[in-house]
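Using this note's numbering, the first residue of the sequence shown is number 35, and each one after it goes up by one.
Quick reminder that beta carbons are idealized off the backbone N, C-alpha and C, glycines included.
One structure is given below, encoded as structure tokens.
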Amino acid sequence: MRSTTDDFEEFARARTPQLYRTAWLLTGDRHHAEDLVQETLAKMFRAWRGLQRIDNPPAYAQTVLARTFISQRRRRSWSEQPVSSMPERADRPGDPALRISLQNALAELSPLDRAVLVLRFFEDRSVEQVALDLGKNAGAIRTRTSRALDRLRAVLGADADHLIAL
35 MRSTTDDFEE FARARTPQLY RTAWLLTGDR HHAEDLVQET LAKMFRAWRG LQRIDNPPAY
95 AQTVLARTFI SQRRRRSWSE QPVSSMPERA DRPGDPALRI SLQNALAELS PLDRAVLVLR
155 FFEDRSVEQV ALDLGKNAGA IRTRTSRALD RLRAVLGADA DHLIAL
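The structure is reproduced here in structure tokens:
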């Protein structure tokens, strides 16, 4: 039992930064992202012993995170907003205004469209991987990707060309 717990702790320490990045891109909010990562890791821990038969636990964790996000967005409690002031942040490379524009543009997409774009382009997953993760077929993912990108470009306008800076 101890080695299983140790293995999970090692896995959680190694994967938390990537899970947090994806969660932040999906939710657009630091607090919701932290909650989403915590819930994802809790689900992973409950299933950890049975994961020995899964070839790629990090990919499975991303799937759990995406599905948990979509499930959370269906709840009424999702509209809760933190009211405390913004914490101080360390400087990050890239254009902060562009980051805010991207965050606001992603917030205007449906949760499923946002999940598709984040998994495809920020997590660099294939159409087939995203389809498997979200329980959809590859054609539906291609269509959602195309339409979501069109909506994102319309919202971002000229800033869409500068997304590579992120």
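Take residue 151, set aside five residues on each side of it, and the residues of its chain with a beta-carbon closer than 8 Å to its own are 140, 143, 179, 182, 183 and 186, in chain order. Per DSSP, the continuous alpha helix (DSSP H) segment holding residue 77 begins and ends at 64-81. The Cβ-Cβ distance between residue 86 and residue 56 does not fall below 8 Å. Secondary structure note for residue 185: its alpha helix (DSSP H) is the uninterrupted segment 172-190. Where residue 147 is concerned, the enclosing alpha helix (DSSP H) starts and stops at 145-151.
Distance from the Cα of residue 138 is smallest, within the candidate group 68, 79 and 191, for 191.
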